[in-house]
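*Asks:* In this note's numbering, the protein residues as written are 408 to 1096.
Here you go, one structure.
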């Protein structure tokens, strides 16, 4: 039977576009109100805030996150190659802006180790190009780096005419200039992606790519912190192969290790890891996580200050962390041009981590988020703070999990966290002057436990899916051994190539009938299937297009044990020889056989089927090459008196066959060539004479 297709109403693309344009350009008070409410979601949920029910959980989670945020902000400044004060600025502004614009109730937006690393790599590269020494640990620069409190410090200043910056600017000033320009451009990219609805880009970052990227970047972060752990002074490596070069330099200079830093690092790591393990084991009994990082920082700072570790043992310390806010400044446009390419992977990674964490929390707590608004939120979390000497931000998994476990209900907790950071910015920052850098490195390394534990999951991952494991391994090695940006690109490209390879060489099978049923399955995978006499049923488990056409034909010929082209050529060849012998009047052929025996030789092997059924249930689409391939096998098998029947075609495949002329001009033979189930095609083939 032939099912009748519904008549599709043709809609003019031009009219649709004009209608959408008119709708988007029209303005009314109601539409303006909805636009503002959508752009600032806080206006929707804050008036409905249930204070008695939510306030305790929000305050507790905000305080805990704020306490965790301060030491992490100071520590991650090492990754970004910037002073700790800029990390505190970033944490403060990101929480406030996401409170206004975010749609997730639980995600924690702020500094993130991977983003800090990507910023730091760009900053280090530009500092080297500008002629600065990456190891020149100088005080804050003049000009842009001076604070409102008017503290005048000695500085190493340079007269720069680099990238259009014609001003007296020190290393710190130039570094934050690069970071803010990079952050601004990344934010602009994210806002443009939101305007043009380009959120689908995140779909190309699979879980394997993201996990591999995070693990590879974690190895890079770990490597960059080792020199602080043991207190050696080695040049900060840049470019491809940074991980290998850094480890070579570490082993070359291992004899210069600072014993004070080594002992401090060992004690801190033991304390931090022990506290984390105990916290994980007894987290169901704890109302909130232990503020281990803060305790370690406070104790280490006191020991360093009163023990005079910097003066007596030359232990490297954080130095002056000024209070107050630097006056806002527009990022340099000339620097934006230099970092425009670097900002693109930064924008994509920042957005992908934020949206994935937001969706995870929304699914867990049964509410919805708007991915496009999340793009705007994280974009403005980069654009606006870039005027206030901040660098790029993203949602952070560890802090988000802590937030949800401590009773967070809304983003009011983010405001509480921002207030904690503000307290440090205004009053407490100078107290961290004597904090050793090795303590900060310990906090960073211990925070990488989750990403580094991914190595333990490799056997289980390999058992689930071998291809995804290979993608993870390739992305991880590329991110660690080449660079984070190239590693991400390699992961995306390699995962796409894996998908293409799967469609180029998909599974193929001959099907047998499940006894006493109308169902058919792979006769190599299942026992007790019966073959259908005089019928071959071929399944191809992929779209049929130009890249896998040859594999389709080779698999078909191999499984059916018949190449129609070779068979037709062989028959033609023997026919010609027979005619030549008959013209000569010789009843014996060139092979020394009689005519009757030659007739047997015209068909060198017996064809054991008269109908070929192609199961198209797994063929999602056909391109022009695919249609021509099916037309080709239809003709070739017809020359051998074998009919070709198609079964289980979806509507798009049927339409492609119609447009390609597979069924003829008037589609008259369509009912004898196309069937909606394999069993119908088998019954038709059996009824044929």
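Don't be surprised by glycine CBs; every beta carbon is placed ideally from N, CA and C.
Just so we're clear, the structure is a prediction, and the values are computed from it rather than from any experiment.
Pop quiz: residue 791 and residue 500 are said to be a contact at Cβ under 8 Å. What is the actual Cβ separation, rounded to whole angstroms?
*Replies:* Along the chain shown, read from residue 1 onward, the residue named residue 791 stands at position 384. Along the chain shown, read from residue 1 onward, the residue named residue 500 stands at position 93. Indeed they touch by this definition, with Cβ atoms about 7 Å apart.
*Asks:* Can you give me the C-alpha to C-alpha distance between residue 535 and residue 521, rounded to a whole angstrom?
*Replies:* As a position in the chain shown, residue 535 is number 128, starting the count at 1. As a position in the chain shown, residue 521 is number 114, starting the count at 1. Taking the straight line joining both Cα atoms gives about 21 Å.
*Asks:* Measuring straight from C-alpha to C-alpha, what distance separates residue 634 and residue 590?
*Replies:* In the chain shown, counting from the first residue as 1, residue 634 sits at position 227. In the chain shown, counting from the first residue as 1, residue 590 sits at position 183. Approximately 27 Å between the Cα atoms of the pair.
*Asks:* Alpha carbon to alpha carbon, how far is residue 424 from residue 417? Give it in angstroms, no decimals.
*Replies:* Within the chain shown, residue 417 is the residue found at index 10, counting from 1. Within the chain shown, residue 424 is the residue found at index 17, counting from 1. Distance between the alpha carbons of residue 417 and residue 424: 14 Å.
*Asks:* Kindly examine the ligand GTP and report whether one of its heavy atoms sits closer than 7 Å to the Cβ of residue 913.
*Replies:* In the structure on display, the ligand GTP does not appear, and there are no ligands present to speak of.
*Asks:* What does DSSP give as the partner residue(s) for residue 941 in the beta ladder?
*Replies:* As a working note, residue 941 is residue 534 in the chain shown. In the DSSP output, where bridge partners are listed per residue, residue 941 has 1016.
*Asks:* What residues in its chain sit with their C-beta under 6 Å from that of residue 711, if we drop five residues either side in the sequence?
*Replies:* Here residue 711 refers to the residue found at position 304 when the chain shown is read from its first residue. These residues qualify, in order along the chain: 841 and 843.
*Asks:* Flag this pair as yes or no: are the beta carbons of residue 618 and residue 637 separated by less than 8 Å?
*Replies:* In the chain shown, the residue the question calls residue 618 occupies position 211. In the chain shown, the residue the question calls residue 637 occupies position 230. Not closer than 8 Å, so no.
*Asks:* Would you mind working out which of 905, 525 and 945 sits nearest residue 755, comparing C-alpha positions?
*Replies:* Taking the chain shown and counting its residues from 1, one reaches residue 755 at position 348. The residue with the shortest Cα to Cα distance from residue 755 is 525.
*Asks:* Quick one: is residue 544 buried, meaning 16 or more other Cβ sit within 10 Å of its Cβ, or exposed?
*Replies:* As a working mapping, residue 544 is identified with position 137 in the chain shown. Because the pLDDT at residue 544 is just 49, under 50, the model does not fix this residue reliably, and the point stays unresolved.
*Asks:* Can you tell which of 810, 653 and 703 has its C-alpha closest to the C-alpha of residue 839?
*Replies:* Reading the chain shown from its first residue, position 432 is the one you call residue 839. Nearest option by C-alpha distance: 703.
*Asks:* Going by Cα to Cα distance, which pick from 905, 814 and 436 is closest to residue 693?
*Replies:* Residue numbering aside, residue 693 sits at position 286 when the chain shown is read from its first letter. Selected option, being the one with the closest Cα: 814.
*Asks:* Please go through the region 618-660 and give each complete alpha helix (DSSP H) segment of 4 or more residues, from N-terminal end onward.
*Replies:* Fully enclosed alpha helix (DSSP H) runs of 4 or longer: 649-659.
*Asks:* Going by other Cβ atoms of all chains shown within 10 Å of its Cβ, with 16 needed for buried, is residue 443 buried or exposed?
*Replies:* Stepping through the chain shown from its first residue, residue 443 is reached at position 36. Exposed, by the Cβ-count rule.
*Asks:* Assuming residue 1107 is part of the beta strand (DSSP E), what are its boundary residues?
*Replies:* Any answer about residue 1107 is impossible in this case: the structure gives the chain only from 408 up to 1096.
*Asks:* Could you tell me whether the region 1076-1087 touches the region 1050-1065, where touching means 3 or more Cβ pairs closer than 8 Å?
*Replies:* Taking 8 Å as the limit for Cβ pairs, the verdict is that the region 1050-1065 does touch the region 1076-1087.
*Asks:* With residue 731 as the anchor, note down where its beta strand (DSSP E) starts and where it stops.
*Replies:* The residue given as residue 731 occupies position 324 in the chain shown. Neither: residue 731 is in no beta strand (DSSP E) and is coded neither H nor E.
*Asks:* So what does DSSP say about residue 716, is it helix, strand or coil?
*Replies:* Translated into the one-based positions of the chain shown, residue 716 becomes position 309. Helix at residue 716.
*Asks:* Check residue 946 in the structure and name its three-state DSSP category.
*Replies:* In the chain shown, the residue the question calls residue 946 occupies position 539. It is a strand residue.
*Asks:* Short check: CB of residue 827 to CB of residue 470, under 8 Å?
*Replies:* For the purposes of this step, residue 827 is taken as residue 420 along the chain shown, with counting starting at 1. For the purposes of this step, residue 470 is taken as residue 63 along the chain shown, with counting starting at 1. Against a cut-off of 8 Å, the Cβ pair of residue 470 and residue 827 comes out as a contact.
*Asks:* From residue 685 to residue 677, what does the alpha carbon distance come to, in whole angstroms?
*Replies:* Translated into positions along the chain shown, residue 685 becomes position 278. Translated into positions along the chain shown, residue 677 becomes position 270. Rounded to whole angstroms, residue 685 to residue 677 spans 12 Å at the Cα level.
*Asks:* Can you tell me which residues form a DSSP beta bridge with residue 1145?
*Replies:* The chain is shown only over 408 to 1096; residue 1145 falls outside these bounds and no answer can be derived.
*Asks:* What residues match up with residue 928 in a beta bridge as DSSP calls it?
*Replies:* Counting from 1 along the chain shown, the entry for residue 928 is found at position 521. Answer is 919.
*Asks:* Taking only the alpha-carbon atoms, compute the straight-line gap between residue 1092 and residue 927 and give it to the nearest angstrom.
*Replies:* Taking the chain shown and counting its residues from 1, the one referred to as residue 1092 is at position 685. Taking the chain shown and counting its residues from 1, the one referred to as residue 927 is at position 520. Taking the straight line joining both Cα atoms gives about 15 Å.
*Asks:* Which full runs of the alpha helix (DSSP H) of 4+ residues lie inside the region 949-982, going along the chain?
*Replies:* As far as the region 949-982 is concerned, its whole alpha helix (DSSP H) runs of at least 4 residues are 956-967.
*Asks:* Quick check on DSSP: helix, strand or coil for residue 709?
*Replies:* Numbered from its first residue, the chain shown carries residue 709 at position 302. The answer is helix: DSSP assigns residue 709 an H, G or I state.
*Asks:* Can you give me the Cβ contacts of residue 948 inside the same chain, cut-off strictly under 6 Å, excluding the 5 residues immediately before and after it?
*Replies:* In the chain shown, residue 948 corresponds to position 541, counting from 1. Correct list, in chain order: 913, 914 and 1025.
*Asks:* Report the three-state DSSP secondary structure of residue 801 (helix, strand or coil).
*Replies:* Here residue 801 refers to the residue found at position 394 when the chain shown is read from its first residue. Three-state DSSP puts residue 801 in a strand.
*Asks:* Could you pull out every residue in the same chain whose Cβ sits closer than 7 Å to the Cβ of residue 824, ignoring the five residues on either side in sequence?
*Replies:* To locate residue 824, count along the chain shown from 1; it is residue 417. Excluding residues within five positions, the ones whose Cβ falls inside 7 Å are 469, 472, 473, 476 and 502.
*Asks:* Taking C-alpha atoms, which residue in 920, 944, 440 and 942 lies nearest to residue 935?
*Replies:* The sequence position of residue 935 within the chain shown is 528, counting from 1. Nearest of 920, 944, 440 and 942 to residue 935, Cα basis: 920.
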